[in-house]
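Take a look at the structure below.
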């Protein structure tokens, strides 16, 4: 066909078509750029596993106060007990865990590929972990050969083993241990199906309200031994150190608020834990919070203060058949503690 057979656009048609196309391209590019910038600004998501314990409740209060935005999206998993939190971390369902050093060593033994790094010491249990018994039980020696209720956490087994050891007794026989749901302990004690339980607040306070009990042993007899810590995946700390720092800063902000308004904050914590604010006041008496200098002393690898404790824990857990002999010890870092002072 000749040139004369080409389609003839009306005057100005080409110009209008290209203007429309150019405008569409500009709009699409703007949307893509906005989406990309939005993705860049999105803070990292951090899943934290924990269980009901006064020292961990500050994370929940910080979340309720929106202290983590915009640096962190916290997905808080408050599970029923220590063992559930440990299993959540081991399975990959959480990137961070608030738990005891005993449970951290257990994680490294059961799932060494998930061995976390300890970044912060939340508190020391100085009386919070307890062996409670019916009042007719005459001391720890009175528990030899008798049934004892506990959860499946390595913490409970550790406290029980250390309690018996304090009296020169061998660890309880496996046949003595009753791994019952904590909700059944009150009835089991009252009916005499078990003679004692290994527990901690808030459940210990609830049990004391339910019936007369005696404290046979507490973590006050294990000074500087049962530490609650924040431990995280090494990869999380490497990729998002600011998010981990923000997590601890939120916890600290509620602690600072508690110093200004102790009654109000503790009432919130008691409500979160299901404790009566008055009857549960003793829950705070068995917990000690390390200061900034002690954080450095415990976490700085060069000072080597934490490894001897971790080694001691490893020996007790191995002797009770909870971990293998070649269990790696978790690393400790003081970068978060230092970051708190610079902020």
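Residue numbers (my numbering): 1290 to 1632. We put the beta carbon where it would ideally sit given N, CA and C, even for glycine. On a predicted model such as this, the values are computed, not experimentally measured, just so you know.
For residue i: DSSP bridge partner residues
i, result
"residue 1419", "1488, 1507"
"residue 1591", "DSSP lists no partner for residue 1591."
"residue 1334", "1362"
"residue 1466", "1437"
"residue 1621", "1407"
Minimum Cβ-Cβ distance from residue i to chain B less than 7 Å
i, result
"residue 1471", "No chain B appears in the structure shown, which is made up of a single protein chain."
Nearest-angstrom beta carbon gap, residue j and residue i [assumed within contact, 8 Å]
i, j, result
"residue 1442", "residue 1518", "Not really, about 15 Å apart at Cβ, beyond 8 Å."
"residue 1515", "residue 1413", "7 Å"
"residue 1577", "residue 1415", "5 Å"
"residue 1440", "residue 1370", "5 Å"
"residue 1366", "residue 1377", "6 Å"
"residue 1542", "residue 1346", "Actually they are not in contact, since the Cβ atoms of residue 1542 and residue 1346 sit about 14 Å apart, beyond 8 Å."
"residue 1564", "residue 1494", "6 Å"
Residue i (DSSP reduced to helix, strand or coil)
i, result
"residue 1371", "helix"
"residue 1449", "helix"
"residue 1361", "coil"
"residue 1354", "coil"
"residue 1316", "At residue 1316 the pLDDT is 44, less than 50, meaning the model places this residue with poor confidence and gives no usable figure here."
"residue 1616", "coil"
"residue 1321", "Low confidence applies here, because residue 1321 scores a pLDDT of 48, under 50, leaving its location unreliable and the question unanswered by this model."
"residue 1460", "coil"
"residue 1328", "Legend: pLDDT at residue 1328 = 47, less than 50; position of this residue unreliable, value from coordinates given subsequently. Residue 1328: helix per DSSP, three-state reduction."
"residue 1629", "helix"
Pairs of beta-carbons, one from the region 1336-1350 and one from the region 1378-1394, closer than 8 Å: are there three or more? The region 1336-1350 is in contact with the region 1378-1394.
I'd like the ranges of any alpha helix (DSSP H) spanning at least 4 consecutive residues and lying wholly in the region 1493-1576. Whole alpha helix (DSSP H) segments, 4+ residues: 1523-1528, 1530-1549, 1551-1562.
Uninterrupted beta strand (DSSP E) stretches inside the region 1380-1446 (no shorter than 3 residues): Secondary structure remark: continuous beta strand (DSSP E) runs of at least 3 residues inside the region 1380-1446, in chain order: 1385-1389, 1406-1414, 1419-1423.
Determine contact between the region 1487-1507 and the region 1420-1437, defined as no fewer than three beta-carbon pairs at a distance below 8 Å. Yes: at least three Cβ pairs fall under 8 Å.
The region 1617-1629 touching the region 1577-1596, judged by at least three CB pairs closer than 8 Å: Contact between the region 1617-1629 and the region 1577-1596 is present, because at least three Cβ pairs lie under 8 Å.
Do the region 1521-1539 and the region 1352-1359 make contact, defined as three or more Cβ pairs closer than 8 Å? Yes, since at least three Cβ pairs between the region 1521-1539 and the region 1352-1359 fall closer than 8 Å, the two stretches touch.
Would you call the region 1421-1438 and the region 1453-1467 in contact, with 3 or more CB pairs under 8 Å? Three or more beta-carbon pairs separated by less than 8 Å link the region 1421-1438 to the region 1453-1467, which places the two stretches in contact.
For the region 1444-1454 against the region 1398-1413, do three or more pairs of beta-carbon atoms, one drawn from each stretch, fall closer than 8 Å, so that the two count as touching? The region 1444-1454 vs the region 1398-1413: no contact.
The region 1495-1510 in contact with the region 1594-1608 per 3-pair CB rule at 8 Å: No contact exists between the region 1495-1510 and the region 1594-1608.
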